[in-house]
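Engineer: Have a look at the structure that comes next, please.
Residue numbers (the numbering used here): 427 to 772.
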């Protein structure tokens with residue numbers, strides 16, 4: 427299968443001209459070595475990590491979101507940052523981090539840990555999913571659904587193609603990423619038996635879904651994630667995400683979660699790798715289900731959206747399970763750094 431290469435894009439000369447690689451007044455030149463960098467997208471995702479890690483140090487980094495201007499670090503080499511939501515915030519914050527000169531990230535393992543919509547055919551609210559493929563569903567042509575050609579399931583098709591079945595060229599160089607398989611398997615192995623939280627209101631709501639795994643308690647699974655800034659919902663758009671993932675991965679990808687930031691984050695990390703500042707093979711992507719991406723039988727899509735907003739346990743369960751599923755990997759890297767330092771252990 428032809429895969430989108432991860433090590434690319436531009437050199438650092440433009441970034442230096444912009445001042446992103448400069449030393450800022452009052453900033454020490456000594457770089458902080460980082461074993462694991464946990465990437466959250468908004469405060470509710472970051473808070474459980476901060477509570478669990480109890481970081482001793484805050485590092486202010488110019489260029490981060492004004493809402494989340496510091497990186498939290500422990501003395502054992504684990505740090506946590508919050509980018510701000512959406513692809514623009516994620517890319518900008520990661521670039522600021524990488525080119526700040528504050529951290530040594532050359533051997534850092536990056537754990538993207540956030541919540542997501544989830545396909546009830548693959549998981550449930552609270553489920554923890556590790557991704558192999560990251561697919562951007564926003565880069566496409568769109569024709570209004572009321573005007574699509576006869577026989578089309580929806581109005582989306584690849585840029586500069588002639589229909590939904592034609593795979594587009596990857597002209598943007600951000601359409602598809604594949605994480606390191608060895609790291610993915612290690613993450614799955616270490617988190618397989620993680621004790622995930624659940625909540626009474628979520629457990630009651632999922633009973634309306636007649637089939638497993640939607641109506642089962644959350645588990646750790648492997649399936650793939652779709653990035654897009656539109657908060658879409660419903661069976662037709664869910665089917666489109668499944669089809670799009672299969673098309674771009676030549677049948678190998680298995681869509682299950684929808685989120686906004688992951689492809690943008692990978693772009694920034696890829697550019698850092700091209701500059702020799704990060705290692706793109708050290709990126710793991712963990713997404714927990716915070717809501718179903720489509721309704722249960724007999725429920726309208728709009729009613730599904732409204733009903734799930736009232737599930738107070740959903741946000742707590744999904745954010746707490748980021749730590750429950752992700753911490754085994756973090757702990758193993760730190761505890762056995764001699765085995766992890768030069769790459770994912772065999």
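Where a beta carbon is used, it is the ideal one built from N, C-alpha and C, also for glycine.
Under the rule that 16 or more other beta-carbon atoms within 10 Å means buried, what is residue 548, buried or exposed?
Structural biologist: Looking at its Cβ environment, which holds 16 or more other Cβ atoms inside 10 Å, residue 548 is buried.
Engineer: Rounded C-beta distance between residue 683 and residue 727? I'm assuming under 8 Å.
Structural biologist: No, residue 683 and residue 727 are not in contact; Cβ-Cβ is about 18 Å, not under 8 Å.
Engineer: Short of 6 Å in beta carbon distance, which residues of its chain neighbour residue 557, apart from the five on each side in sequence? Order them along the chain.
Structural biologist: For residue 557, where only same-chain residues beyond five positions count, the Cβ hits under 6 Å are 650, 651, 711.
Engineer: For residue 554, report the span of its alpha helix (DSSP H) as first-last.
Structural biologist: That residue, residue 554, is in no alpha helix (DSSP H); its beta strand (DSSP E) goes 554–556.
Engineer: Which of the three DSSP states, helix, strand or coil, is assigned to residue 573?
Structural biologist: Of the three classes helix, strand and coil, the one that applies to residue 573 here is helix, per DSSP.
Engineer: Mind listing, in chain order, the continuous beta strand (DSSP E) runs of no fewer than 3 residues lying wholly within the segment 489–549?
Structural biologist: If we require 3 residues or more, the beta strand (DSSP E) runs fully inside the segment 489–549 come out as 496–499, 504–508, 535–544.
Engineer: Straight-line CA distance for residue 696 to residue 705?
Structural biologist: Going from the Cα of residue 696 to the Cα of residue 705 covers about 8 Å.
Engineer: Is residue 712 close to the ligand ADP? I mean its beta-carbon at under 7 Å from any heavy atom of the ligand.
Structural biologist: Judged by which ligands are present, the structure shown has none, so any question about the ligand ADP falls away.
Engineer: Less than 8 Å between the CB atoms is what I'm expecting for residue 487 and residue 522, so what's the real figure, rounded?
Structural biologist: About 6 Å separates the two Cβ atoms, so the contact holds.
Engineer: Taking residue 739 and residue 625 to be in contact with their CB atoms under 8 Å, please state how far apart those CB atoms are, rounded to whole angstroms.
Structural biologist: At roughly 3 Å, the Cβ-Cβ gap stays under 8 Å, so residue 739 and residue 625 are in contact.
Engineer: For residue 675, which of helix, strand or coil comes out of DSSP?
Structural biologist: Here residue 675 sits in coil by DSSP.
Engineer: Residue 713 by DSSP, collapsed to three states: which one?
Structural biologist: Three-state result, residue 713: strand.
Engineer: Ignore the nearest five residues each way along the sequence and tell me which others in residue 598's own chain have a CB closer than 6 Å to its CB.
Structural biologist: Contacts found: 565.
Engineer: Using three-state DSSP, classify residue 604 as helix, strand or coil.
Structural biologist: Note: residue 604 maps to strand in three-state DSSP.
Engineer: Could you check whether the Cβ of residue 768 sits closer than 8 Å to any Cβ belonging to chain B?
Structural biologist: Of the protein chains in the structure, only one exists, and it is not chain B.
Engineer: Apply the 10 Å Cβ neighbour rule to residue 653 and answer buried if 16 or more other Cβ atoms are within range, or exposed otherwise.
Structural biologist: Flag for residue 653 reads buried.
Engineer: What alpha helix (DSSP H) runs, 4 residues minimum, are completely inside the segment 638–707?
Structural biologist: 661–674, 688–700, all fully within the segment 638–707.
Engineer: So, with DSSP's three-state summary, where would you put residue 596?
Structural biologist: Three-state DSSP puts residue 596 in coil, outside helix and strand.
Engineer: Report buried or exposed for residue 530, applying the criterion of at least 16 other Cβ atoms within 10 angstroms of its Cβ.
Structural biologist: Result: exposed.
Engineer: How many angstroms separate the CA atom of residue 554 from the CA atom of residue 628?
Structural biologist: Rounded to the nearest angstrom, the two C-alpha atoms are 15 Å apart.
Engineer: When the distance is taken between beta carbons, is residue 470 closer than 8 Å to residue 647?
Structural biologist: Not closer than 8 Å, so no.
Engineer: For residue 722, collect the residues of the same chain with a Cβ closer than 6 Å to its Cβ; drop the 5 residues on either side in sequence, then sort them by chain order.
Structural biologist: Around residue 722: 634, 635.
Engineer: Between which two residues does the beta strand (DSSP E) containing residue 465 stretch?
Structural biologist: 462–466 is the extent of the beta strand (DSSP E) around residue 465.
Engineer: In whole angstroms, give me the CA-to-CA distance for residue 687 and residue 757.
Structural biologist: Their backbone Cα atoms lie some 25 Å apart in a straight line.
Engineer: Candidates 772, 516, 584, 525: which alpha carbon is nearest residue 667's?
Structural biologist: Among 772, 516, 584, 525, the Cα nearest to that of residue 667 belongs to 584.
Engineer: Here's a check: name, in chain order, each residue in its chain whose Cβ is nearer than 8 Å to the Cβ of residue 766, leaving out the five neighbours to either side.
Structural biologist: Hits under 8 Å: 461, 535, 758, 759.
Engineer: Count the other C-beta atoms from every protein chain shown that fall within 10 angstroms of the C-beta of residue 619, then say buried if there are 16 or more, exposed otherwise.
Structural biologist: Exposed, by the Cβ-count rule.
Engineer: Identify the residues that DSSP records as bridge partners of residue 458: which are they?
Structural biologist: In DSSP, residue 458 forms a bridge with 529.
Engineer: Can you tell me whether residue 569 is buried or exposed? The criterion is at least 16 other CB atoms within 10 Å of its CB, across all chains shown.
Structural biologist: By the neighbour-count rule (16 or more Cβ atoms within 10 Å), residue 569 is not buried but exposed.
Engineer: Rounded to a whole number of angstroms, what is the C-alpha to C-alpha distance between residue 606 and residue 714?
Structural biologist: Near 20 Å, if we compare the C-alpha coordinates of residue 714 and residue 606.
Engineer: Where do the ends of the alpha helix (DSSP H) carrying residue 471 lie?
Structural biologist: Run containing residue 471: 469–479, per the alpha helix (DSSP H) assignment.
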